[in-house]
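Undergrad:
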Amino acid sequence: MKAPKRNAVQQAGFLLGMYGQFLKIYLKTLVEYRADTLIAIVAGIIAQGSTLAFLTVIFSRIPALAGWDFYELVFLFGLAAAGRALNQTFLNAPFLITGYIRYGKLDMMMVRPVGVLFQSIGYGQELNGVGQLCTGLVIMVYSALKLDMTWSYGQVGFAILALLCSALIQFAILLTISVLTFWVHEVRSLIFPVTWLYDFARYPLQIFHPVLRGLLTYVFPYAIGSFYPAAYLLHHERYEWALWGVPLVTLAVLGVALWIWSLGLRRYAGVAG
Numbered sequence: 071m072k073a074p075k076r077n078a079v080q081q082a083g084f085l086l087g088m089y090g091q092f093l094k095i096y097l098k099t100l101v102e103y104r105a106d107t108l109i110a111i112v113a114g115i116i117a118q119g120s121t122l123a124f125l126t127v128i129f130s131r132i133p134a135l136a137g138w139d140f141y142e143l144v145f146l147f148g149l150a151a152a153g154r155a156l157n158q159t160f161l162n163a164p165f166l167i168t169g170y171i172r173y174g175k176l177d178m179m180m181v182r183p184v185g186v187l188f189q190s191i192g193y194g195q196e197l198n199g200v201g202q203l204c205t206g207l208v209i210m211v212y213s214a215l216k217l218d219m220t221w222s223y224g225q226v227g228f229a230i231l232a233l234l235c236s237a238l239i240q241f242a243i244l245l246t247i248s249v250l251t252f253w254v255h256e257v258r259s260l261i262f263p264v265t266w267l268y269d270f271a272r273y274p275l276q277i278f279h280p281v282l283r284g285l286l287t288y289v290f291p292y293a294i295g296s297f298y299p300a301a302y303l304l305h306h307e308r309y310e311w312a313l314w315g316v317p318l319v320t321l322a323v324l325g326v327a328l329w330i331w332s333l334g335l336r337r338y339a340g341v342a343g
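Structure, rendered in structure tokens:
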């Protein structure tokens with residue numbers, strides 16, 4: 071049975087509807103496994119709370135860190151935590167691709183009338199990200215209130231865009247690493263250290279060595295989706311370029327990742343190949 075022909079608008083509507091079905095299944099999972107959901111939320115709160123406790127101890131000794139006061143740092147941490155949790159909850163596919171290839175599931179996905187990557191994203195929602203997402207958003211709101219930040223519609227829109235860009239940048243970086251599975255047999259030893267690099271993006275870049283700042287900005291640009299958006303919202307007169315730079319870099323990084331994915335998928339010859 072051939073898939074029906076659709077124009078671009080119809081195809082977009084079809085994919086949105088299908089992703090809605092994936093989300094519906096995910097939400098049913100959260101409701102069905104209430105204990106697991108509760109544990110994930112509590113674990114997220116504890117994980118973020120431990121870092122906040124660490125920051126509180128640091129700021130009990132020093133009044134500011136690289137020119138950032140306590141609540142500014144908390145705001146940066148909240149934005150970075152929410153962006154990471156958004157990625158983990160909805161864009162966890164890069165961690166699954168190796169398994170799909172090894173156990174032949176990719177072969178089955180390739181004969182379906184929707185893209186393999188789309189299916190991987192649909193199947194990849196992660197329960198453990200829910201608690202961290204909720205906690206990160208609460209931390210952002212709390213610190214913004216303490217900072218007495220004034221929010222225009224444009225700033226609210228940019229904050230939402232920044233969270234989406236953060237999630238997409240992480241997805242693109244990790245997808246690029248996971249695509250190496252099409253050429254080599256084991257990439258998990260690489261993908262996890264690259265994931266852990268994101269932890270540095272929760273802090274002001276000024277406290278790090280220039281080499282690490284360059285790594286987080288130009289090689290693995292996690293800072294583009296965390297530090298710079300937070301810096302723009304707190305000090306937009308010094309980081310005006312972030313208003314256009316963050317979405318532009320996100321599109322560029324995502325475009326490169328999708329191109330490399332297409333190369334790897336064309337090379338794939340099946341589980342027995």
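Quick note on my numbering: the sequence shown kicks off at 71 and runs consecutively. The beta-carbon is built from N, C-alpha and C at its ideal position, and this holds for glycine as well.
(1) Where are the alpha helix (DSSP H) runs, 4 residues long or more, that stay fully inside the segment 117-188, in chain order?
(2) Mind checking residue 263: buried by the 16 CB within 10 Å criterion, or exposed?
(3) One question on the structure: do residue 231 and residue 317 come within less than 9 Å of each other, judged by their Cβ atoms?
(4) State buried or exposed for residue 291, treating a residue as buried only when at least 16 other CB atoms are found within 10 Å of its CB.
(5) Can you find the residues in the same chain that come closer than 6 Å, C-beta to C-beta, to residue 334, ignoring five residues on each side of it along the sequence?
(6) Just to check my reading of the structure: residue 293 and residue 275 have Cβ atoms closer than 8 Å, yes? What is that Cβ distance to the nearest angstrom?
(7) Would DSSP call residue 254 helix, strand or coil?
(8) Tell me the DSSP secondary structure of residue 278 in three-state form.
(9) Report buried or exposed for residue 153, applying the criterion of at least 16 other Cβ atoms within 10 angstroms of its Cβ.
(10) Using 8 Å for Cβ pairs, my map puts residue 202 next to residue 118. What's the rounded Cβ distance?
(11) Pick out the complete alpha helix (DSSP H) segments inside the segment 192-258, 4 residues or longer, and give them in chain order.
(12) Helix, strand or coil for residue 298? Go by DSSP, reduced to three states.
TA: To lay it out plainly:
(1) 140-160, 167-172, 175-180
(2) For this step, residue 263 is matched to residue 193 along the sequence shown. So residue 263 ends up on the exposed side.
(3) Translated into the one-based positions of the sequence shown, residue 231 becomes position 161. Translated into the one-based positions of the sequence shown, residue 317 becomes position 247. In contact: residue 231 and residue 317 (Cβ atoms closer than 9 Å).
(4) Residue mapping note: residue 291 aligns to position 221 of the sequence shown, counting from 1. Looking at its Cβ environment, which holds 16 or more other Cβ atoms inside 10 Å, residue 291 is buried.
(5) Within the sequence shown, residue 334 is the residue found at index 264, counting from 1. Excluding residues within five positions, the ones whose Cβ falls inside 6 Å are 249, 252.
(6) Working through the sequence shown from its first residue, we reach residue 293 at position 223. Working through the sequence shown from its first residue, we reach residue 275 at position 205. Confirmed, about 6 Å.
(7) Residue 254 sits at position 184 when you count from the first residue of the sequence shown. Reduced to three states, the DSSP call for residue 254 is coil.
(8) The residue given as residue 278 occupies position 208 in the sequence shown. Correct three-state label for residue 278: coil.
(9) One-based indexing of the sequence shown puts residue 153 at position 83. Buried, by the Cβ-count rule.
(10) Residue numbering aside, residue 202 sits at position 132 when the sequence shown is read from its first letter. Residue numbering aside, residue 118 sits at position 48 when the sequence shown is read from its first letter. Confirmed, Cβ separation roughly 6 Å.
(11) 199-216, 223-248
(12) Walking along the sequence shown from the start, residue 298 turns up at place 228. Here residue 298 sits in helix by DSSP.
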